[in-house]
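Q: Those protein sequence lines, which keep their order, are chains A and B. Just so we're aligned: 93 in our numbering is position 93 of the first sequence, and the numbers increase by one with no gaps anywhere. In our numbering, each residue's number is its place in the second sequence (first place is 1) plus 153. The beta-carbon is built from N, C-alpha and C at its ideal position, and this holds for glycine as well. Since this is a predicted model, take the numbers as computed values, not measurements. Okay, here's the structure, questions in a sec.
Protein chains: 2
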Amino acid sequence: MSGEGLRTRFGSAEESPGLLLWQVTNRWQAAQRAALKPYGLTHVQFVLLAALTYLAAEGPVTQKALADQAATDPMMTSQVLRALEGQGLVRRLPHPHDKRARALEVTDEGRALANRAVAAVEACDAAFFAVLGDQGDDAPDGFTRALRALAGR
Amino acid sequence: MSGEGLRTRFGSAEESPGLLLWQVTNRWQAAQRAALKPYGLTHVQFVLLAALTYLAAEGPVTQKALADQAATDPMMTSQVLRALEGQGLVRRLPHPHDKRARALEVTDEGRALANRAVAAVEACDAAFFAVLGDQGDDAPDGFTRALRALAGR
DNA sequence: GTAAAAAGCTAAGCGCGCATACTAAATGCA
DNA sequence: TGCATTTAGTATGCGCGCTTAGCTTTTTAC
């Protein structure tokens with residue numbers, strides 16, 4: 001009788017790659033939340049702090065440049081950075097050449113926290129993706145290659 | 154100089170499967186939103202309406218059973234179902250045997266809308282995952298198999 | 001040189017995902 | 001029967017992802 005209500009390509013209505021992608025990401029985000037909880041960071045806060053720590057050695061970083069690097073929404077980026085600033089992890093200085101923009105810096109505490117948190121996150125990721133039979137070498141596996149294609153990178 | 158700020162396993166800091174997963178899902182959700190906009194449904198509203206349409210032929214469906222099927226949060230499920238009820242797509246009747254529970258039904262409009270929307274969503278999905286070289290046969294490809302493993306199904 | 005277009009950022013609001021806490025009904029067990 | 005435990009559902013609150021709107025400053029076009 002199940003086929004009567006809904007006409008779909010998928011027998012069990014739960015084999016669509018899109019639906020699976022959504023459910024897997026929800027699981028992954030829950031794991032990230034748990035791993036980051038001891039550090040007082042949310043997932044997006046960690047991503048932006050880590051990306052900024054990575055970029056900041058090159059010189060002044062604008063919020064737009066950071067948002068592009070992390071593929072985050074510029075609005076979100078602005079809001080989260082103000083939260084990080086409030087926690088003393090980040091500085092938002094006036095940009096030397098462009099009076100519209102901000103020049104972002106990581107404080108010493110921010111850099112130290114990013115380095116501690118990144119270890120926890122990578123351990124969390126390794127456990128999460130272990131079921132795929134991760135071989136641990138440098139070559140990206142098929143799953144990662146597929147994700148990169150879908151991400152447009 | 155980039156390596157000075159952050160110690161990470163990943164060279165470009167953007168090759169982690171977790172980060173890619175997150176970014177891909179954000180893209181997919183944006184595509185879903187756009188595809189569902191003409192039907193006045195959000196992504197979760199569509200998922201629950203479609204899942205209920207699929208299940209409702211079997212008999213009375215409780216909110217918990219629907220949430221389990223769709224892998225959605227029970228709170229979200231409750232809230233979204235009330236919105237769908239307000240739009241006349243769903244009925245939330247008292248359960249015949251369990252006075253705590255609700256017996257969910259899809260209205261004729263709800264079923265018709267679900268069937269129209271599912272076609273749009275499947276077309277959207279097909280376009281989104283086309284870069285993976287979808288062969289279109291019944292056997293799940295490697296990407297879908299990996300997702301099912303990560304989803305715990 | 002001035003006007004138009006674009007860029008960087010902020011404010012406000014909606015839907016989602018989740019955590020915590022609560023009511024009421026059903027179930028298990030002695 | 002009496003009572004503790006479990007279960008279905010709701011209320012509240014926070015952070016995220018996005019949209020719309022608006023401000024200021026910079027760049028471009030004429």
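1. Using a beta-carbon distance below 8 Å, is V243/B in contact with chain A?
2. According to DSSP, is L189/B part of a helix, a strand, or is it coil?
3. Grouping DSSP H, G and I as helix and E and B as strand, with all else coil, what is E168/B?
4. Determine, using beta carbons only, whether S78/A comes closer than 8 Å to chain B.
5. Mind pulling the chain A residues with CB within less than 8 Å of D278/B?
6. With three or more C-beta pairs closer than 8 Å as the rule, is the segment 31–51 of chain A touching the segment 68–80 of chain A?
7. By the 10 Å Cβ neighbour count, where 16 or more other Cβ atoms means buried, how is A279/B classified, buried or exposed?
8. Quick check: what's the CA-CA separation for A223/B versus A204/B?
9. Mind listing the chain B neighbours of L132/A? Cutoff is C-beta to C-beta under 8 Å, in chain order.
10. Using the beta-carbon of each residue, which ones in chain A are nearer than 7 Å to G295/B?
11. Excluding the 5 residues preceding and the 5 following A299/B in the sequence, name in chain order all residues of the same chain whose CB lies nearer than 6 Å to its CB.
12. Taking 8 Å as the cut-off, decide whether the C-beta atoms of A302/B and L132/A are in contact.
13. Please report the distance separating the alpha-carbon of E211/B from that of E258/B.
14. Is it buried or exposed, L208/B, if we count other Cβ atoms within 10 angstroms and call 16 or more buried?
15. By the DSSP assignment, the alpha helix (DSSP H) with R264/B in it spans what residues?
A: From the atom records:
1. no
2. helix
3. coil
4. no
5. S16, P17, G18
6. yes
7. exposed
8. 7 Å
9. A299, A302, L303
10. G142
11. none
12. yes
13. 11 Å
14. buried
15. 261–281
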